[in-house]
Each structure stands twice: as C-alpha cells, then as structure tokens.
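Just so you know, the protein sequences line up as chains R and V, in that order. Residue numbering for the first sequence follows numbering that gives the first Met the number 0, starting at 0 and increasing by one per position. Residue numbering for the second sequence follows numbering that gives the first Met the number 0, starting at 0 and increasing by one per position. No residue lacks a Cβ here, since even glycine has one placed at the ideal position from N, Cα and C. Heads up, the thing below is written out as structure tokens.
There are 2 protein chains.
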Amino acid sequence: MKIIIIGSVAAGTSVAAKARRNREDVEIVIYEKDKDISYSGCGLPYYIGQDYITRDNLTPRNPDWFKKRFNLDIKTKHEVVAVDHKNKKIEILNIETGDKFSDNYDKLIFATGASPVLPPIQNIENDFIFTLRNVSHADKLYKFIETEKPDKAVIVGAGYIGLELAENLIERGIDVSIMELSKLPMSNLDEDVSVHIRKELEQNNIRFIGGEKLTAIEQKDNQKFVLLESGERIETDFVVLATGVKPVSELAKSIGVKTANNNAIIVDKYLQTNLNDVYAVGDCAMAFSSIDSSPMWVPLGSTANKMGRVCGDHITGGKLSFQGILGTGIFKVCDLAVATTGLTERQVQRSGIEYIVHHNFKPNQTEYFNTSSEMMIKMIAEKSSGKILGAQIVGKNGVDKRIDVIATAISFGATVEQLFHLDLAYAPPFSTTKDPVHYSGMVLNNAKNNDNPIITPQEVLDNPGKYIIIDVRSNSQYNEGHIPNAINIPLAEIRNRANEISKNKELVVHCNKGVSGNAAQNVLLNLGFERVYNLSGGYKNYKLISEI
Amino acid sequence: MKIIIIGSVAAGTSVAAKARRNREDVEIVIYEKDKDISYSGCGLPYYIGQDYITRDNLTPRNPDWFKKRFNLDIKTKHEVVAVDHKNKKIEILNIETGDKFSDNYDKLIFATGASPVLPPIQNIENDFIFTLRNVSHADKLYKFIETEKPDKAVIVGAGYIGLELAENLIERGIDVSIMELSKLPMSNLDEDVSVHIRKELEQNNIRFIGGEKLTAIEQKDNQKFVLLESGERIETDFVVLATGVKPVSELAKSIGVKTANNNAIIVDKYLQTNLNDVYAVGDCAMAFSSIDSSPMWVPLGSTANKMGRVCGDHITGGKLSFQGILGTGIFKVCDLAVATTGLTERQVQRSGIEYIVHHNFKPNQTEYFNTSSEMMIKMIAEKSSGKILGAQIVGKNGVDKRIDVIATAISFGATVEQLFHLDLAYAPPFSTTKDPVHYSGMVLNNAKNNDNPIITPQEVLDNPGKYIIIDVRSNSQYNEGHIPNAINIPLAEIRNRANEISKNKELVVHCNKGVSGNAAQNVLLNLGFERVYNLSGGYKNYKLISEI
Numbered sequence: 000m001k002i003i004i005i006g007s008v009a010a011g012t013s014v015a016a017k018a019r020r021n022r023e024d025v026e027i028v029i030y031e032k033d034k035d036i037s038y039s040g041c042g043l044p045y046y047i048g049q050d051y052i053t054r055d056n057l058t059p060r061n062p063d064w065f066k067k068r069f070n071l072d073i074k075t076k077h078e079v080v081a082v083d084h085k086n087k088k089i090e091i092l093n094i095e096t097g098d099k100f101s102d103n104y105d106k107l108i109f110a111t112g113a114s115p116v117l118p119p120i121q122n123i124e125n126d127f128i129f130t131l132r133n134v135s136h137a138d139k140l141y142k143f144i145e146t147e148k149p150d151k152a153v154i155v156g157a158g159y160i161g162l163e164l165a166e167n168l169i170e171r172g173i174d175v176s177i178m179e180l181s182k183l184p185m186s187n188l189d190e191d192v193s194v195h196i197r198k199e200l201e202q203n204n205i206r207f208i209g210g211e212k213l214t215a216i217e218q219k220d221n222q223k224f225v226l227l228e229s230g231e232r233i234e235t236d237f238v239v240l241a242t243g244v245k246p247v248s249e250l251a252k253s254i255g256v257k258t259a260n261n262n263a264i265i266v267d268k269y270l271q272t273n274l275n276d277v278y279a280v281g282d283c284a285m286a287f288s289s290i291d292s293s294p295m296w297v298p299l300g301s302t303a304n305k306m307g308r309v310c311g312d313h314i315t316g317g318k319l320s321f322q323g324i325l326g327t328g329i330f331k332v333c334d335l336a337v338a339t340t341g342l343t344e345r346q347v348q349r350s351g352i353e354y355i356v357h358h359n360f361k362p363n364q365t366e367y368f369n370t371s372s373e374m375m376i377k378m379i380a381e382k383s384s385g386k387i388l389g390a391q392i393v394g395k396n397g398v399d400k401r402i403d404v405i406a407t408a409i410s411f412g413a414t415v416e417q418l419f420h421l422d423l424a425y426a427p428p429f430s431t432t433k434d435p436v437h438y439s440g441m442v443l444n445n446a447k448n449n450d451n452p453i454i455t456p457q458e459v460l461d462n463p464g465k466y467i468i469i470d471v472r473s474n475s476q477y478n479e480g481h482i483p484n485a486i487n488i489p490l491a492e493i494r495n496r497a498n499e500i501s502k503n504k505e506l507v508v509h510c511n512k513g514v515s516g517n518a519a520q521n522v523l524l525n526l527g528f529e530r531v532y533n534l535s536g537g538y539k540n541y542k543l544i545s546e547i
Numbered sequence: 000m001k002i003i004i005i006g007s008v009a010a011g012t013s014v015a016a017k018a019r020r021n022r023e024d025v026e027i028v029i030y031e032k033d034k035d036i037s038y039s040g041c042g043l044p045y046y047i048g049q050d051y052i053t054r055d056n057l058t059p060r061n062p063d064w065f066k067k068r069f070n071l072d073i074k075t076k077h078e079v080v081a082v083d084h085k086n087k088k089i090e091i092l093n094i095e096t097g098d099k100f101s102d103n104y105d106k107l108i109f110a111t112g113a114s115p116v117l118p119p120i121q122n123i124e125n126d127f128i129f130t131l132r133n134v135s136h137a138d139k140l141y142k143f144i145e146t147e148k149p150d151k152a153v154i155v156g157a158g159y160i161g162l163e164l165a166e167n168l169i170e171r172g173i174d175v176s177i178m179e180l181s182k183l184p185m186s187n188l189d190e191d192v193s194v195h196i197r198k199e200l201e202q203n204n205i206r207f208i209g210g211e212k213l214t215a216i217e218q219k220d221n222q223k224f225v226l227l228e229s230g231e232r233i234e235t236d237f238v239v240l241a242t243g244v245k246p247v248s249e250l251a252k253s254i255g256v257k258t259a260n261n262n263a264i265i266v267d268k269y270l271q272t273n274l275n276d277v278y279a280v281g282d283c284a285m286a287f288s289s290i291d292s293s294p295m296w297v298p299l300g301s302t303a304n305k306m307g308r309v310c311g312d313h314i315t316g317g318k319l320s321f322q323g324i325l326g327t328g329i330f331k332v333c334d335l336a337v338a339t340t341g342l343t344e345r346q347v348q349r350s351g352i353e354y355i356v357h358h359n360f361k362p363n364q365t366e367y368f369n370t371s372s373e374m375m376i377k378m379i380a381e382k383s384s385g386k387i388l389g390a391q392i393v394g395k396n397g398v399d400k401r402i403d404v405i406a407t408a409i410s411f412g413a414t415v416e417q418l419f420h421l422d423l424a425y426a427p428p429f430s431t432t433k434d435p436v437h438y439s440g441m442v443l444n445n446a447k448n449n450d451n452p453i454i455t456p457q458e459v460l461d462n463p464g465k466y467i468i469i470d471v472r473s474n475s476q477y478n479e480g481h482i483p484n485a486i487n488i489p490l491a492e493i494r495n496r497a498n499e500i501s502k503n504k505e506l507v508v509h510c511n512k513g514v515s516g517n518a519a520q521n522v523l524l525n526l527g528f529e530r531v532y533n534l535s536g537g538y539k540n541y542k543l544i545s546e547i
C-alpha cells in the first residue's frame with residue numbers, strides 16, 4: 000500500500016508517523032511545496048519576539064530525521080499540482096527545477112492547511128507588508144526588523160496571531176497599533192471577556208483601534224501610512240496583516256471532494272472525505288463539536304495532531320476515531336492569558352438554550368503569595384440540567400489549568416454541582432482551598448436551583464430603572480464610584496436596615512466582585528425578600544462592561 | 000435552632016458560614032480553644048520562609064469579621080471540656096479566666112482537627128524542639144529563628160510539612176537535614192516517584208537521611224544533638240518534629256461517637272456521626288474514596304472546606320452531600336512540585352486489580368521556551384477497562400495543571416483512551432501540541448490493547464537475565480552508561496539489524512525516556528517479533544529507580 004500525503008506541517012507528519020508505527024509494510028511519501036516541514040506555526044510570534052528562540056527551534060526536524068526514524072520520504076519544494084483520482088495518480092511540480100513528474104497512491108491525504116485571508120486592498124505585495132503563517136513569512140519579518148530597525152508597526156486583525164505578535168513586537172521595543180473590524184479584540188469571544196484584552200493592550204501602551212476598517216496602505220517618499228475608513232492616517236514603518244486564515248482546499252475540490260461553506264473539507268470521524276481513499280486532516284478539514292456533533296472549524300495545532308494520528312491509524316487498520324473538539328483555545332497577550340472552551344454566551348443565545356451565567360473573580364493561588372493574581376472565569380451552564388456549556392477565562396496565572404479542568408469536565412458532561420465536588424490539588428503555591436473552579440460551580444449551582452439567582456451587568460445596563468440596586472460595599476467605595484441610583488447599605492448593616500428596602504420591586508445587590516453581594520442576597524432572601532439577584536462579578540465587572 | 004461548633008479553623012467556619020447563608024433564624028456559636036481562628040494551616044511553612052508573608056496574612060479574619068458578616072459568635076480561648084448529649088449541653092472552660100460555664104445545642108459539630116504525633120522520646124518539651132501545626136507553633140518557631148539566628152536544623156519526618164519547611168528553612172539560609180523512617184521521602188507515594196524528591200533535596204544541599212529512627216534529642220552545655228538508631232549524632236541548633244498528625248476525637252468518643260482505627264470520627268455523606276444531631280467535619284473526620292467508597296483519611300484544607308460546606312447545608316435543610324475524595328494532594332519542595340491523585344501503584348497492587356503503568360517524561364510547554372522544564376507523570380490504569388486508577392507527577396512547572404486534569408478525568412470514570420481525545424488548551428507558553436496528559440493516555444491505551452506492552456524498570460531489575468535488552472540510543476549515550484548486558488542498536492539501524500536479534504526470548508527495548516523505544520518496539524513488532532516490551536520512562540527512569 001502506498002500512502003501519499005500532501006502537506007508536511009503538523010497534521011501531515013502525524014498521519015505519516017502513526018501509519019508507520021502501525022505498519023512497516025506501507026510506502027509513505029509526503030509532498031510539501033514549502034521548504035520547511037513539521038514546524039510550530041503557533042511559535043512564530045515568539046520567534047519574532049524572543050532572543051533565545053532560534054530559527055532551528057522552529058523547525059527541529061528535517062526530512063532526514065523522518066527518513067531515519069519512520070522510513071518515509073518527505074519531498075520539500077514539491078507542489079502537487081493535479082490529482083487524477085480515477086487512476087489514483089498525482090502530478091508534482093519540483094519548484095526548484097521546474098520539472099514535473101507523476102506518482103501514484105492507494106490512499107491520498109490532504110494536509111494542505113490554511114492560508115492567510117488578505118484584505119481587499121491595493122499594493123498588498125510590498126516589502127513592508129507582512130503576514131505570519133509559515134516560517135518563510137517569519138523569516139521575512141524577522142529580517143526586516145533586524146535590518147530596518149523599525150520604530151512602529153500597525154497590525155491589522157486582533158485575533159490570536161495579531162495579539163501574540165503585538166506582545167512580541169513591543170518586546171522588541173516597537174510601538175504597536177492594532178486594528179480590528181469588531182469593536183473589541185478576539186471577536187469570537189464574548190464582549191465582556193474581550194474587554195479585558197482591550198484593557199491589557201492599553202495598559203501595555205498598545206493602541207487598539209476597534210470597529211475600524213482598513214481602506215488602503217500607502218507609501219509616499221519614505222513615509223508609509225495605513226488609511227482607515229474613518230479617514231485617519233496612521234504613519235507606520237511596517238504593517239502585518241493578521242486578518243485570519245482560510246482552508247486550502249482547491250486541489251481537493253478539483254477532484255470532487257466536498258467542502259463546507261467556509262471551504263473546509265468535509266470528513267467523517269475517520270477523516271475520510273466523500274471520496275474513497277481520500278482523507279483530509281488539520282486546518283484544511285472541518286472538525287465537529289464533541290458536544291452536539293455540529294460542524295466546527297477551529298484551526299489549531301492540537302486538533303491537527305489528533306486528526307493526523309486518527310487518520311494514520313485508520314488507514315493502516317487501527318480502531319481510533321476522531322471524537323470532535325470543544326473549540327478550546329488559549330493565548331497570551333502581555334501579562335494576560337485568555338482561554339475559552341465550549342460555547343460562548345453568544346453561541347448559547349443563538350442556540351436558544353435557557354442558560355445561567357456567572358463572572359467569577361478569584362485569585363489563582365493563596366493571596367498572600369506575591370505571585371498571586373486575579374483571574375475572571377465566565378462560565379455558562381444549561382439552566383434546566385446544570386450542564387456546563389462553556390467557559391472563558393482571563394487572568395495572569397493559572398488560566399491554562401482552569402480551562403483544561405473545565406474542558407475535561409465538559410467532555411464528560413459535567414454539571415456545575417459536580418464541579419464543586421472535584422477533588423483538586425490544593426497547596427498555597429498552586430491554588431486556594433476552594434479553587435476558582437469550585438466557586439464557579441457553587442455559584443452556578445445555587446443559581447440553577449433558583450436559591451441565589453444571578454443577574455449580569457448587561458441585563459442591568461439594558462434595563463435602567465427596572466431594579467432597585469443595593470450596593471453593599473463600604474461608604475468610601477460607594478463614593479468613589481457606583482451604579483446610577485444605587486442605594487448604599489454596607490453588608491454589616493444590611494440585617495438592621497433591611498426595613499428600608501421596598502419589597503415591591505426586584506432587587507439587585509452587589510459588592511465589588513460578588514462574594515459579599517452573595518452574602519447580602521442570602522440575608523435578604525432569608526428575611527423574606529422574594530426577588531433578589533446578585534450582580535455577576537459585582538461593581539468591578541459592571542464598570543468594565545459599562546465601558547464596552 | 001442553635002448550632003454549636005467546636006473548632007474554628009477551616010472546617011468549623013465553613014459549617015457556620017454555609018448554615019448562615021441558608022438561614023437567618025438559627026443561632027450559631029463556635030468555641031475555639033486556640034487564640035487564632037480561620038487560619039491557613041498549609042501556609043505555615045511559607046510564613047517561616049518568606050519575608051513578605053506577615054502574621055496577619057495567616058489569620059485574615061477575626062471573630063468580629065464573622066460577627067459582622069455572618070452574625071455568629073466565635074469564642075476563642077474557650078475549650079469545650081465536656082458534652083452531655085442526653086441533655087444536649089456542653090461545658091466550656093474559659094482558658095484565660097479559668098471560669099467554667101455551660102451552653103446548650105440542637106446540633107453539635109466536631110471540627111476539632113488533628114494534632115501532631117510526637118515520637119516517643121524524652122525531653123520533647125524543650126525550647127529548641129518545635130512542631131508546626133497551628134499559628135502558635137509557627138510564632139514560636141518564627142521567633143526562635145529571628146532571635147537565635149540558628150545555622151542548622153534537623154527536621155524529623157519527610158511528609159508534606161517537613162518537606163515544605165525544609166525548603167523554607169534553606170530560604171532563611173539555614174542548613175537542613177531531614178530524616179525519615181522510610182527509605183525515601185513521602186512514604187505514601189510510590190518509591191519510583193519519591194526518589195525524585197530525594198534527588199531534589201540533594202540538589203539543594205538538604206541532607207536526606209532515609210530509613211532512620213530518632214532515638215533521642217540531647218542538649219549538652221551549649222550543644223544540641225539528634226541521636227539516630229544507627230548511632231549517628233547530628234549536631235543541630237533546633238529540631239522540628241513533623242512526624243504526622245492524628246485526628247482529635249477524644250471528646251467525641253467520650254459521648255459514644257464511633258471512630259475508626261486511626262481515631263477519625265466515622266460520618267455518613269452528610270457528615271453525621273452515629274449519634275443524632277452530632278456531626279464531624281475536617282481533619283477529625285473520616286472521608287471516603289469517591290471511586291469505591293472505601294474509608295480514606297487525608298487531612299487537607301480543601302477537604303475540610305468541602306465537608307464544612309456540606310454539613311452546614313445539611314443541618315439547615317439543604318440537599319448537598321459529600322461526594323468523597325480521590326486523595327489528591329500537591330506540594331512544592333525547592334523547585335519540584337509533587338502531586339498525586341487516586342491510587343498509587345502500591346495501593347493498586349494490594350487491591351489485586353490487574354493494571355498497566357507508565358512513566359511519562361515530557362516538557363510542560365514547548366521546549367524552545369526558556370521556562371520549559373520536564374515533568375514525569377506516572378499513571379496507572381486498570382488493564383481490562385483502561386480506567387484511570389491514579390497518577391503521581393513530579394516536575395518544575397505545570398504539575399498542578401496535569402494533576403487537576405487527571406483528577407477531574409478520574410472523577411468521571413475516564414479511560415486512558417478518553418484522555419487522548421481531550422480538547423485541552425494549546426499555545427506554546429502553556430503546553431505542547433500534544434499535552435503530557437495526552438501522551439500518557441496514548442501510551443497506556445496502546446499498552447492496554449497489548450499493541451505496545453510496557454515494562455517497568457523494577458520488573459527488569461527484579462529479573463536479571465530474563466530479557467534481551469536492546470538500547471536504541473546512540474553509541475555515545477550507550478557508552479556513557481547502560482543497563483547491564485544491554486545490546487546497543489541505535490534506532491536508525493534497527494530495521495537493518497533486526498536479524499541480529501533472537502526471536503526466542505522476550506525483548507525489552509529502550510531509549511532515554513521512552514519515545515524512541517516505542518518507535519523501535521513498533522518496528523520490531525511489525526517485523527514479526529512477538530514479545531517486545533518498551534521500558535517505561537527509558538534509561539533515565541531505569542537509572543533513577545536502580546539507585547533507590
């Protein structure tokens with residue numbers, strides 16, 4: 000049996016390695032049009048920013064390594080230009096020599112990845128305009144920075160790569176502006192989460208320009224400008240286009256492989272396309288939700304690796320199947336880690352599921368440690384069952400741990416009540432006696448049972464005058480800033496002053512982050528008030544969200 | 000209803016807080032014989048070692064805070080000396096005044112904690128001999144270090160507290176020896192895990208004395224000595240006894256409350272004892288395994304908090320119940336984090352379950368980051384079902400994340416195959432494209448299916464001559480050190496030189512950590528060799544274990 004794989008980054012090499020692990024008696028050839036293989040695409044921004052990361056770090060393995068270990072042939076600078084699936088033949092262009100030749104296969108695997116989506120503007124091919132998708136792109140940008148020593152950059156697009164690059168450019172001492180069509184960075188996250196990212200950018204002197212469209216990039220004499228729809232002209236030394244990626248599937252389509260609306264190749268759980276013996280893995284393939292099996296396209300190295308392993312196993316007779324994804328992702332921008340798993344509130348709203356949501360501000364570890372810092376977990380659960388639907392977390396330390404625990408819990412259909420009971424590891428350097436994840440579970444479970452209903456700041460903002468708002472913080476905190484028309488009754492006085500509060504209206508109580516608000520809510524509920532909501536994330540969260 | 004709680008550290012205050020959250024109309028009184036309440040027992044070693052941790056950090060809340068927030072009375076320096084359960088009365092000694100008085104209850108909660116187990120030696124009450132269980136103990140030790148400026152310490156007992164304190168004493172510039180009855184530190188862990196702790200101690204110039212018994216502590220003129228059974232006399236400036244703790248349950252026993260062999264109070268899932276209206280929570284109470292419901296006593300703040308909350312809920316009409324524990328724990332000693340969850344290999348061996356085990360050496364994050372470091376995950380699963388039974392992890396960074404993910408997975412009955420499919424968060428600063436947890440799942444799943452059987456170094460050490468051992472590392476690595484009688488065939492040569500290997504004997508292949516060994520195993524299996532084991536954790540693991 001002969002296996003031909005097109006593309007040799009994460010997914011393609013995973014297919015090859017797993018196929019060889021299973022069988023010695025198959026022939027495996029990979030064609031790669033680029034010169035680099037098996038590189039860490041996610042590492043490119045760090046290569047730009049960190050002195051100690053070398054180019055060799057990015058591409059630790061060459062074709063010779065794969066030959067020795069896995070007895071397989073990787074031909075770089077070889078582009079597969081045509082496929083004749085009827086006869087199971089492909090035509091290959093040797094990019095260096097210009098020669099063409101053909102090869103045959105029993106199994107054909109598309110691991111063609113994704114390519115940058117470029118904005119529809121003129122003069123985009125220019126020596127000061129960059130993208131950052133492969134090692135060649137990184138080489139070009141790296142060389143530019145080393146030789147031209149630019150002072151300022153404009154990044155177009157505030158997704159993963161744009162934000163990671165922003166951090167790494169300021170590490171190089173470059174002044175960065177980052178623009179984005181959406182009002183806030185990371186438009187796939189909820190706005191009450193991505194507002195934290197905007198704040199982090201501002202705190203690091205990165206200018207964020209939201210809700211703006213790029214109309215042109217100009218060069219006049221020695222000056223370069225980015226032009227915005229608003230009319231603003233931003234002078235810059237270079238521009239990086241990080242406006243997203245799209246699946247590379249043209250060749251697959253040319254032989255009748257079916258793709259989704261976004262051009263991702265449709266595959267089954269063994270990564271097989273609609274054509275026999277034709278497979279697709281990695282960023283060019285469509286994944287699916289492990290919760291409800293709906294199609295999902297989240298092009299990440301972790302998914303590419305899993306797909307590759309499953310496909311390599313399947314084509315050599317193994318039993319593995321792809322189990323789908325939760326859309327889990329994480330990135331770091333300056334000191335902020337941002338992570339997501341499962342559904343966002345926006346996605347849940349679209350699905351029509353009745354849900355509960357909570358913003359939980361908690362330290363990652365015992366607070367007297369000087370490495371302790373606060374994170375915010377936004378968690379969403381189904382109201383009827385308490386099943387966790389998704390979570391988004393922002394914070395300095397320990398974000399990756401909590402998102403992975405929650406992702407694991409979601410994978411097993413956990414409820415918010417079950418979260419509280421998890422026996423997680425506690426010691427002061429690592430967590431708090433009740434972990435932030437436990438708190439999210441506790442609060443949402445109390446909300447699920449209607450014992451302690453929660454209200455979001457957005458709900459309060461959207462309905463001015465609907466609720467009596469009781470601010471249970473101290474007088475001095477209240478005087479520094481408060482929700483319009485809020486009444487100040489500090490928590491310690493709430494039992495004695497409850498008679499001041501009208502029983503005819505719905506109440507919203509709040510403190511600074513939510514814990515004292517919850518205590519006040521309990522007092523009022525136990526004193527016979529019937530409709531008392533605790534404000535999710537307290538005044539801190541309200542203030543942030545009111546500034547969106 | 001009147002609730003009386005005896006003890007006001009983690010569990011007792013949790014009961015009170017939850018009871019008040021549920022109901023305003025109950026009276027709550029806590030009696031605490033100590034002067035400090037609601038303190039972080041786990042933080043005591045860090046208070047000793049870290050300049051920035053103040054005494055106030057340890058005891059952030061006083062009775063007044065609880066009164067204001069929860070309307071409950073905490074009476075410190077008040078010891079409950081007798082209980083008349085028939086009449087639901089208690090007698091209390093005011094330690095400061097010597098007065099006695101009585102009080103009555105509807106519900107009585109024992110949150111009496113645990114106390115140090117002291118070794119049976121003479122002169123143990125001495126001004127240079129310390130324990131470290133409560134804030135008063137910490138005060139005494141702290142003051143001694145500040146005023147006497149000691150140079151050297153002997154810690155007796157290498158459990159959590161002993162090891163954490165060792166780290167914090169060397170932070171203070173004190174020379175530390177730590178002795179332990181067992182051969183290795185942390186005797187509740189498997190030896191192939193705790194050998195890493197011994198290594199860490201040695202690397203930090205902490206002398207570890209294993210398999211030794213303390214026979215006496217002597218003071219002669221101005222010199223102090225610790226005497227060992229071996230005859231050795233160690234001169235020291237002070238001694239800390241960290242030889243474990245035992246449940247405090249004498250008062251409970253006096254009214255007929257049933258206890259287990261270790262004196263822990265036996266409770267049901269609502270934390271109720273065998274007596275009506277009498278409960279026990281925290282370190283004085285017995286917990287149970289959430290896997291098989293067998294009794295477990297693992298006195299930790301995280302469990303105490305959960306028990307307290309459940310008990311407080313139950314006595315005020317709530318529906319919560321305690322779901323048991325996995326025995327999850329973590330601690331840090333110098334640069335090493337050590338964590339465990341579920342069963343150890345020793346426990347599994349005792350249970351008679353047929354199991355598979357693997358030692359997985361992997362970096363916590365993408366290796367080209369200068370914060371990347373290696374961890375070792377020892378994972379154990381049931382052979383028949385693939386269900387994860389337990390894991391122990393040692394490493395510098397990211398250990399807490401992996402143990403929590405595994406603890407969560409175990410809670411939901413996960414199999415090793417399911418581990419591989421988890422959609423965990425990947426970005427270079429946080430993990431590797433396949434997370435260490437994925438690798439453990441993959442390798443154990445291959446072992447479960449008998450596709451890639453694993454053998455432990457111990458098995459090889461215990462059966463010299465039984466296996467043909469093939470070392471697939473480079474010649475130079477082999478020459479630097481190898482397993483006795485191992486044959487060196489570097490991986491790249493294994494396909495061509497397979498004919499040199501006898502097919503009549505069981506083979507063990509290995510590389511340095513296991514990955515290339517697995518590749519070689521696959522080649523040999525695919526070439527028709529039938530009994531080929533990969534050495535768990537490779538030569539690195541073998542070498543460590545051979546030195547136990």
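- In the three-state reduction of the DSSP assignment, Ser-320 (chain V) falls in the coil class.
- Any Cβ of chain V closer than 7 Å to the Cβ of Gly-341 (chain R) would place that residue at the interface, and such an atom is absent.
- DSSP places His-481 (chain R) in the coil class of the three-state scheme, outside both helix and strand.
- Leaving aside the five residues that flank His-481 (chain R) on each side, the residues in its chain whose CB is nearer than 6 Å to its CB run, in chain order, Asp-470.
- In the three-state DSSP reduction, Val-356 (chain R) falls in the strand class (E or B).
- Separation of Asp-174 (chain V) and Lys-148 (chain V) (C-alpha to C-alpha, rounded to the nearest whole angstrom) is 12 Å.
- The beta carbon of Asp-267 (chain R) does not come within 7 Å of any beta carbon belonging to chain V, so the residue lies off that interface.
- Gly-307 (chain V) places its beta carbon less than 7 Å from that of Ser-13 (chain V).
- In the structure shown, Asn-56 (chain V) falls within a helical segment according to DSSP collapsed to helix, strand and coil.
- Taking a C-beta distance under 7 Å as the contact criterion, Ala-110 (chain R) and Leu-71 (chain R) do not qualify as a contact pair.
- Under a 10 Å Cβ-count criterion, Lys-252 (chain R) is classified as exposed, with fewer than 16 other Cβ atoms of the shown protein chains found around its own Cβ.
- Residue pairing by DSSP puts Ile-264 (chain R) in a beta bridge opposite R:Thr-258, R:Ala-284.
- Proximity of Thr-327 (chain R) to chain V, defined by a Cβ-Cβ separation below 7 Å, is satisfied.
- When the five nearest sequence neighbours on each side are left out, the beta carbons in the same chain lying within less than 6 Å of the beta carbon of Lys-106 (chain R) are those of Ile-2, Asp-276, Ile-314, in order along the chain.
- In the DSSP assignment, Tyr-278 (chain R) forms a beta bridge with R:Ile-108, R:Gln-271.
- Under the DSSP assignment, Ala-390 (chain V) falls in the beta strand (DSSP E) whose first and last residues are 387 to 394.
- Among the CB atoms of chain R, none fall inside 7 Å of the CB of Tyr-30 (chain V).
- Around the beta-carbon of Pro-298 (chain R), 16 or more other beta-carbon atoms lie within 10 Å, marking it buried.
- One alpha carbon belongs to Asn-273 (chain V), the other to Val-398 (chain R), and they sit about 43 Å apart.
- According to the DSSP assignment, Met-441 (chain V) belongs to no beta strand (DSSP E) but to the alpha helix (DSSP H) extending over 435 to 447.
- Under the DSSP assignment, Gln-218 (chain R) falls in the beta strand (DSSP E) whose first and last residues are 213 to 219.
- The shortest C-alpha to C-alpha distance from Leu-168 (chain R) to any of R:Gly-158, R:Pro-44, R:Thr-146 is the one to R:Pro-44.
- In the structure shown, Arg-472 (chain V) falls within a coil segment according to DSSP collapsed to helix, strand and coil.
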